[in-house]
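Numbering of the sequence shown is given in the numbering used here, commencing with residue 754 and proceeding in unit increments.
Just so it is clear, CB atoms sit at the ideal spot from N, CA and C, and this is done for glycine as well.
Here is the structure we will look at.
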Amino acid sequence: MRPNKPTLESIHPILLLIIGVNVLVSFKGFENDSFFNRYKFQVNAVRTGDKKRLWTAGFLHVDFSHLLFNMFALYIFADIVLYNLGIFLFVILYFVCLYIGNLFTYIYHKNQGYYSAVGASGAVSGIVYAAILLNPSMNLYLFFIPIPIPGIVFGVGYLLYSMYGMKKQTGNIGHTAHFGGAAAGFIATLLMQPSVVIQQPIMVGLLAIPIVLMAYLIKKDKL
Numbered sequence: 754m755r756p757n758k759p760t761l762e763s764i765h766p767i768l769l770l771i772i773g774v775n776v777l778v779s780f781k782g783f784e785n786d787s788f789f790n791r792y793k794f795q796v797n798a799v800r801t802g803d804k805k806r807l808w809t810a811g812f813l814h815v816d817f818s819h820l821l822f823n824m825f826a827l828y829i830f831a832d833i834v835l836y837n838l839g840i841f842l843f844v845i846l847y848f849v850c851l852y853i854g855n856l857f858t859y860i861y862h863k864n865q866g867y868y869s870a871v872g873a874s875g876a877v878s879g880i881v882y883a884a885i886l887l888n889p890s891m892n893l894y895l896f897f898i899p900i901p902i903p904g905i906v907f908g909v910g911y912l913l914y915s916m917y918g919m920k921k922q923t924g925n926i927g928h929t930a931h932f933g934g935a936a937a938g939f940i941a942t943l944l945m946q947p948s949v950v951i952q953q954p955i956m957v958g959l960l961a962i963p964i965v966l967m968a969y970l971i972k973k974d975k976l
């Protein structure tokens with residue numbers, strides 16, 4: 754089960770802190786190109802030893818709409834994870850997904866030295882996947898869609914969209930990190946709460962499908 758959706762008055766302090774840091778760092782990047790370029794993810798920079806970008810890129814965003822989308826998704830899904838896993842595991846999950854998302858991006862684009870990306874997408878997609886695993890009966894009400902969307906549909910659709918974004922490589926948005934973060938969130942949640950496998954085997958299997966498909970496509974170099 755999940756608690757009631759958080760209001761601005763009841764939002765958990767750790768979630769408020771994470772959103773606040775994202776907003777402050779992103780706005781600094783909007784105003785200062787030098788700052789943005791110094792801390793964004795870039796393959797060549799990471800390859801030459803600037804490993805901090807695997808972390809710092811997760812707090813920068815391309816523009817306000819990119820920031821708003823990620824923070825809204827985090828706001829919607831984070832309370833489920835906080836409620837089920839607690840503060841400590843939530844923080845670990847967030848940063849593991851952030852790092853793995855960017856590390857996967859580095860591995861996937863290692864032969865494209867020019868490739869760069871920013872965004873909390875890896876961390877947020879990990880939280881989204883974790884929330885769906887922990888509360889598989891959840892329904893979402895999205896903008897301009899009058900009917901509820903099952904969480905499983907959103908989760909699978911989110912990863913399929915990420916696959917498309919990886920293929921097109923549009924903008925500086927970290928589509929590859931979406932997938933890496935979601936996969937990390939999937940695995941980490943099962944390790945943190947293994948009872949999910951017994952309680953929701955069908956849900957676990959369905960959410961595993963796009964992850965397995967992506968791994969297969971990467972191995973066969975068909976993406």
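- The shortest C-alpha to C-alpha distance from ILE880 to any of VAL834, PHE907, PRO901 is the one to VAL834.
- For ALA870, the three-state secondary structure derived from DSSP is strand.
- For MET891, no alpha helix (DSSP H) run applies, since DSSP gives it neither H nor E.
- By the neighbour-count criterion, in which a residue is buried when 16 or more other Cβ atoms sit within 10 angstroms of its Cβ, PHE789 is buried.
- In the three-state scheme derived from DSSP, where H, G and I count as helix and E and B as strand, ILE771 is classed as helix.
- Taking ALA826 as the centre and dropping the five residues before and after it, the same chain places the C-beta of VAL877, VAL881 closer than 7 Å to its C-beta, in chain order.
- ALA810 and LYS863 have their C-alpha atoms spaced approximately 17 Å apart.
- Residue pairing of PRO963 in beta bridges, as defined by DSSP: absent, with no partner found.
- Linking MET891 to VAL906 through their CA atoms gives a straight-line distance of about 11 Å.
- Below 8 Å, enough C-beta pairs join the segment 932-947 and the segment 841-857 to call them touching: three or more.
- For the pair ILE767 and GLN795, the Cα-to-Cα distance works out to about 29 Å.
- DSSP places GLN953 in the coil class of the three-state scheme, outside both helix and strand.
- Secondary structure of PRO766 (DSSP, three-state): helix.
- Residue SER874 holds the alpha-carbon nearest to the alpha-carbon of LEU821 among HIS931, SER874, ALA968, PRO903.
- Under the three-state reduction of DSSP, ILE900 is assigned to coil, being neither helix nor strand.
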